[in-house]
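See below for the structure under consideration.
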Amino acid sequence: MSGGWLLWEPASKRLIQSASVRFPRFQSSGVTGAGCEKGSLSHIANTAILGQVPTEKYFEDENTAIDTLPATKDITIPKHLGQAFSGPLSQEWRKTCEAKLEQMALRDVWEAVNKDSAMKTIKHCWVFDVKRHADGTVKKFKACLVAWGGLHLLRL
Numbered sequence: 498m499s500g501g502w503l504l505w506e507p508a509s510k511r512l513i514q515s516a517s518v519r520f521p522r523f524q525s526s527g528v529t530g531a532g533c534e535k536g537s538l539s540h541i542a543n544t545a546i547l548g549q550v551p552t553e554k555y556f557e558d559e560n561t562a563i564d565t566l567p568a569t570k571d572i573t574i575p576k577h578l579g580q581a582f583s584g585p586l587s588q589e590w591r592k593t594c595e596a597k598l599e600q601m602a603l604r605d606v607w608e609a610v611n612k613d614s615a616m617k618t619i620k621h622c623w624v625f626d627v628k629r630h631a632d633g634t635v636k637k638f639k640a641c642l643v644a645w646g647g648l649h650l651l652r653l
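So for the sequence shown, my numbering puts the first residue at 498; every next one is plus one.
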């Protein structure tokens, strides 16, 4: 990448490079917020004026740093168990779920009983996530078995 601006787009979680970004041509002063002490980070951020930084050198260094970052393919987090077990990373998600069930069994999280007609079962679902290293690579896959939130009851 070279030239232009790098902009973060939160919706798609990616950087966009563009040479057609518009900034106000003249800024007589920054916006000062109430309660900002002079010299504080908030004060500096609120009083910054474009054009006082050698931007070409700054962004050249920034582009070089970004170009050296390892490229990682983003992992789609499954929304339910069927999606996790049928996707391209099904083996990893399956191992993670099995490990979580083993942990719960070792901790006696539940007791299996025969269901009779007076009992109601608790609906549940799996929640998935990925934990990453600082460089963006996958550290581990995470899974959690949870009861549906609206079904929690306080019983004394």
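We put the beta carbon where it would ideally sit given N, CA and C, even for glycine. Being a predicted model, the structure only gives us computed values, none of them experimental.
Within the same chain, show all residues whose beta-carbon is closer than 8 Å to that of Pro-507, passing over the 5 residues directly before and after it, in chain order. none
Measuring alpha carbon to alpha carbon, tell me which of Asp-613, Val-643, Ser-509 and Pro-575 ends up nearest Cys-622. Val-643
Mark Ala-609 as exposed unless 16 or more other C-beta atoms lie within 10 angstroms of its C-beta, in which case mark it buried. exposed
How far does the alpha helix (DSSP H) with Leu-598 in it reach, from first residue to last? 587–603
Determine the contact status of Trp-590 and Ala-640, defining contact as a CB-CB distance below 9 Å. yes
Roughly how many whole angstroms lie between the Cα atoms of Gln-580 and Ala-615? 33 Å
Using only CA atoms, which one of Gly-584, Ala-516, Ile-572 and Thr-618 lies nearest to Gly-633? Ile-572
What is the residue span of the beta strand (DSSP E) that Ser-614 lies within? No beta strand (DSSP E) holds Ser-614; DSSP gives it neither H nor E.
Going straight from the alpha carbon of Lys-620 to that of Trp-645, what length do you get? 6 Å
Just reading off the alpha helix (DSSP H) that Ser-583 is part of, what are its end residues? 578–583
First and last residue of the uninterrupted beta strand (DSSP E) at Val-643: 635–644
In its own chain, which residues sit with a C-beta less than 8 Å from the C-beta of Gly-488, not counting the 5 before and 5 after it? The question about residue 488 has no answer here: the residues shown for the chain are numbered 498 through 653.
Name the DSSP bridge partner or partners of Asp-626? Lys-639
Return the chain-ordered list of same chain residues with a C-beta closer than 8 Å to the C-beta of Leu-512, the five sequence neighbours on each side being excluded. Leu-503, Leu-504, Trp-505, Glu-506 and Ile-563
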